[in-house]
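Participant: To start, I am sharing the structure in question, which I have written as structure tokens.
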Amino acid sequence: MKAFIVLLALVSLGCSAPQQRKVFHEHVEDFLILIGDRVGQELTELAYQYSEFDEFQASLDYLASTDFKNLVFEMEALPEFKAVIDFLEQDNIDILYFIDRFNALLGK
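Just so you know, we're using my numbering here: the sequence shown kicks off at 1085 and counts up by one.
Dropping the structure here:
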């Protein structure tokens, strides 16, 4: 009986060993892949429908403009923005990964 309890304790300790965790942006990537798999076609159709509206096209043009890029650069230079980045990095959230993705989306 004692041997069984010792064996059970060893198995329990082996199962409770720390497991390698994913970083936050890998979870977000998995989530975006899941969304793309589930409703990717619907999102594509919705974007195509929206592209017929002049207001939507104007907003996309503004997002691609240098005015918006300058606005983003000004925002990134604010001390409050830097404080948020520091706060998120202290919690092991690689916010610079998301900023780089956003900048790549804008074509910077």
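Quick reminder that beta carbons are idealized off the backbone N, C-alpha and C, glycines included. Computed from a prediction, not measured in an experiment: that's the story for all the values here.
Only counting the same chain, and skipping five residues up and downstream in sequence, which positions put a Cβ closer than 6 Å to that of H1109?
Facilitator: D1178 and Y1181
Participant: Assuming contact is defined by CB atoms lying nearer than 8 Å, are Y1146 and F1140 in contact in what I supplied?
Facilitator: no
Participant: Could you check how far apart the C-beta atoms of N1176 and V1107 are, in whole angstroms? I think they sit under 8 Å.
Facilitator: 7 Å
Participant: With a cut-off of 8 Å on the beta carbons, I'd call A1148 and G1191 a contact; round off their distance for me.
Facilitator: 7 Å
Participant: Under a three-way DSSP split, which group does V1107 fall into?
Facilitator: coil
Participant: Thinking F1165 and M1159 are a contact (beta carbons under 8 Å), I'd like their distance in whole angstroms, please.
Facilitator: 6 Å
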